[in-house]
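Asks: Numbered according to our numbering, the sequence shown spans residues 48 to 202. I have a structure here, written as structure tokens, and I will follow up with some questions on it.
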Amino acid sequence: MQKSIFNILAFSLFFVGCSKPTESQNESEAMPSENTETSQSLPTGDNSETSLDWAGTYFNTLPCASCEGIETWVTLNQDGTFELKTNYLGLNDAREEIFTGKFFWDESGSNVTLQGLIGDYSGKFKVGEDQLWYLNQAGHRIEGALADQYILKKK
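What follows is the structure, given as structure tokens:
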């Protein structure tokens, strides 16, 4: 009798130990603890923000429908600030305009957005090796015959 009770008890413990965990156990294992730090907001791996020497001044003369071109300088600083200078060429009342503010990297660590009063500019650039691609309002590179004129080169 004692032997059969022992066998039943051992058999029961075996099945309890081998059973699936309950939902609450699965949820607690799947959910990170409150003390766990997440790195979703930080870019990881190789991207423009982490792999390139992006700080500096970039220049090009952008196309202009009502003038000879727009001399454009963009300076990106390590502290997250920028300076955007523009000069409209061939206009009698043209003057240099200077805009300043902060810039922010997107989640991919490849594009920056200038924030502040920046006139008619989208304020979006893709950062490459020693160059910035001016992006349209939708965040895409300019395409077509004039596409190369929207690439600012590092000075």
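We treat Cβ as the ideally placed atom computed from N, Cα and C, and that holds for glycine. Only a predicted model underlies this, so the values are computations on that prediction, with no experimental measurement involved.
Tell me the DSSP bridge mates of residue 178?
Replies: Partner(s): 175, 200.
Asks: So what does DSSP say about residue 96, is it helix, strand or coil?
Replies: If DSSP states are grouped into helix, strand and coil, residue 96 belongs with the helices.
Asks: Distance, Cα to Cα, residue 92 vs residue 177?
Replies: Going from the Cα of residue 92 to the Cα of residue 177 covers about 19 Å.
Asks: Could you say if the segment 177–194 and the segment 124–134 meet the contact criterion of at least three C-beta pairs nearer than 8 Å?
Replies: With a cut-off of 8 Å, the segment 124–134 and the segment 177–194 do not count as touching, because too few Cβ pairs lie within range.
Asks: When burial is assigned at 16 or more other CB atoms within 10 Å of the CB, is residue 55 buried or exposed?
Replies: Because residue 55 sits at a pLDDT of 47, beneath the cut-off of 50, its placement in the model cannot be relied upon, and the point is left open.
Asks: Near residue 200, which residues of its chain fall below 8 Å by C-beta distance, leaving aside the five closest residues on each side in sequence?
Replies: So the list reads 105, 106, 107, 177, 178, once near-sequence residues are dropped.
Asks: By Cβ distance below 6 Å, which residues in the same chain neighbour residue 141 in space, the five residues on each side in sequence not counted?
Replies: So the list reads 135, once near-sequence residues are dropped.
Asks: Work out the CA separation of residue 138 and residue 151 for me, nearest whole Å.
Replies: So the two alpha carbons sit approximately 33 Å from each other.
Asks: Work out the CA separation of residue 145 and residue 168 for me, nearest whole Å.
Replies: Cα-Cα distance, rounded: 12 Å.
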